[in-house]
Amino acid sequence: MLNNLRVVLGVSGGIAAYKACALTSKLVQQGADVKVIMTESAQKFVSPITFQAISRNPVYIDTFDEKDASKIAHIDLADWADLFVIAPATANIIGKIANGIADDMLSTTLLATEADVYIAPAMNVHMYAHPAVKKNMKTLERWGYRFIEPGEGYLACGYVGKGRLEEPETIVNVIIKNQREQSILEGKEILITAGPTQEKVDPVRFFTNHSSGKMGFALAEEAAKMGASVTLIAGPVSLETPANVNRIDVKTAEEMYQHTLSYFEKSDIVIKAAAVADYRPKVTYDDKMKKKDGDLTIELERTKDILKELGQKKTKQFLVGFAAETNDPLVFGEEKLKSKHLNAIVINNIKSPGAGFQSDTNEVIYMHQSGDKVAFDLASKKEIAKQILVQINKDIKVD
Ligand code: PMT
């Protein structure tokens, strides 16, 4: 499955370094050409000769061990790699990469590589939960590094919890799956909307909703990783722009409508994860409304239904809507799919725990215009985003 894939495996200094031997073996068995870099601490757990024997390649341990005068070893290795895996990744190496520190063979090579990097952390449960580690992981995730989360169980330090290096077989399976999915969207223009809209009443007040933008941003991030050229039209959210994504910030439904329309024609796939206001105040005020005795009635008017209009205009575009429902999700979702002339709809029951607004997770049913449904169980919004994009890609081929 990984035939001729050039993999650099970085082994840092944790007890789980012994598992990296099995990982090397499994990668080699899958056809990968593996070159191992070990940190000084890693060598306290396993000898380089073990990795040399399993990988049938020299093991790199010293930045200054320049065997070939015509090359600079760490740059040469960084350029050689199709893929970089760090397993086990200690808190130290994660911290170094996140802060641009390059002081040994592994960290200098990592900084110099343009290959995709997978990081499989392994450490004590409290270290893994430390805000510094979390912050560094978040930074790296934003930069496009992929994490293979540690498993839970008995840790070498005696604790039971999260921090165990994921099993070598699972790491290899993740890599194989991602290799397959990688670049499936190459050459595709994808337009994604995310977040809420804000509909002004006066300079102080507005109508909005609970959307955080997480679902739409996860889609944008994953689509870019799959090789698509991504434009993300975002309502007011406090999220960082994913790597390689063209982001356009908007506030109102009308602004979202204008920008969405201007990118629509050249798009191959359009995914509308935004929670657009259906109504806005009919009259807005430039000065703050003064409170008065008694009740206040604010008259609302309909905004444009962007998705419905796109459904009428679409030519080549594969158009995907989202439906946020609280009751009879399938019935209302299907109704939106049909009435808005969509190719597919992603239905989330926002009453279901861990699904819908704000959470880092979601649970959805993807419904194709043919009526075929696929349920994606509760998982991180990134994982759900990946599954949605893979499904869209399958459907595009069939439609
Ligand atoms: O942002 P998060 O906190 O991560 O939450 C994610 C989410 C719950 C917002 C997301 O998963 C989701 O369900 N988005 C759609 C929310 C929504 O507005 O659903 P709806 O059923 O009201 O609208 C149906 C579809 O029509 C949506 O694709 C919406 O973008 C579109 N629409 C709605 C109104 C309007 N005026 N124009 C539109 O294009």
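FYI, in our numbering the residues of the sequence shown are 27 to 425. We treat Cβ as the ideally placed atom computed from N, Cα and C, and that holds for glycine. In this text the structure is predicted, and so the values were computed from the model without any measurement.
Coarse secondary structure for residue i, derived from DSSP in three states
i    : result
K226 : strand
L333 : helix
P355 : helix
F440 : As shown, the chain starts at 27 and ends at 425. That puts residue 440 outside it, with no answer to give.
H236 : coil
H367 : coil
F90  : coil
E327 : strand
T387 : strand
E167 : helix
E207 : helix
A158 : helix
T219 : strand
S406 : strand
M282 : helix
G347 : strand
A246 : helix
I418 : helix
Neighbourhood of residue i by C-beta distance below 6 Å, restricted to the same chain and skipping five residues each side
i    : result
I210 : M252, N419
I145 : I112, A115, Y171, F173
K377 : T352
N235 : P222, A301
R306 : E225, T329
V151 : Y185, G187, K188, G189
M27  : Q56, I202
T323 : none
Same chain, Cβ closer than 8 Å to residue i, five either side skipped, listed in chain order
i    : result
G8   : No information on residue 8 is available, as it lies outside the stretch 27 to 425 that the chain covers here.
M153 : A117, V159, G189
I63  : V34, L35, G36, V37, V85, Y86, I87, L103, M131, L132, T135
Q338 : H367
Q208 : D142, K251, M252, G253
F232 : Q224, E225, K226
Beta-carbon proximity check, residue i vs residue j, cutoff 8 Å
i    : j    : result
A246 : V256 : yes
G380 : L404 : yes
T134 : H100 : yes
T50  : A104 : no
A262 : P222 : Per the sequence shown, the amino acid found at residue 262 is Pro instead of Ala. In this structure, P222 lies closer than 8 Å to P262 by Cβ.
A141 : D108 : yes
G39  : F71  : yes
K164 : P176 : no
L265 : K298 : no
T76  : C47  : yes
Q395 : L415 : no
A401 : I410 : no
M282 : T219 : yes
E215 : D294 : yes
A254 : I41  : no
T286 : L345 : no
Rounded straight-line distance, which links the Cα of residue j to that of residue i
i    : j    : result
D312 : K203 : 54 Å
S367 : N270 : Sequence check: residue 367 is His here, not Ser. Between H367 and N270, the C-alpha separation is close to 30 Å.
K228 : M131 : Reading off the sequence shown, one finds Asp at residue 228, where the question assumed Lys. Cα to Cα, D228 sits roughly 58 Å from M131.
A300 : F290 : 15 Å
L31  : V357 : 46 Å
H156 : K292 : 45 Å
N199 : L336 : 39 Å
S365 : K334 : 8 Å
V60  : K45  : 15 Å
A249 : K412 : 8 Å
E167 : P147 : 13 Å
L258 : A370 : 19 Å
A303 : A279 : 6 Å
V372 : A349 : 6 Å
I80  : Q69  : 16 Å
K308 : I274 : 26 Å
E192 : E92  : 33 Å
P74  : W169 : 30 Å
Span of the alpha helix (DSSP H), counted from its first residue to its last, around residue i
i    : result
Y154 : 151-155
Y44  : 43-55
I174 : Element bounds for I174: n/a, residue is neither H nor E.
A138 : 131-138
P74  : 74-81
A104 : 99-106
G121 : 117-124
Contacts around residue i, its chain only, beta-carbon distance under 7 Å, and the 5 residues preceding and following it disregarded
i    : result
S406 : D386, T387
V230 : K314
M393 : G359, E360, L363, A370, I371, I373, K399
A124 : N162, T165, L166
The beta strand (DSSP E) enclosing residue i, as first and last residue numbers
i    : result
P147 : 142-147
T257 : 255-260
G189 : 186-190
D435 : Past the boundaries of the shown model lies residue 435; the chain is included only from 27 to 425, so the question cannot be answered.
G36  : 32-37
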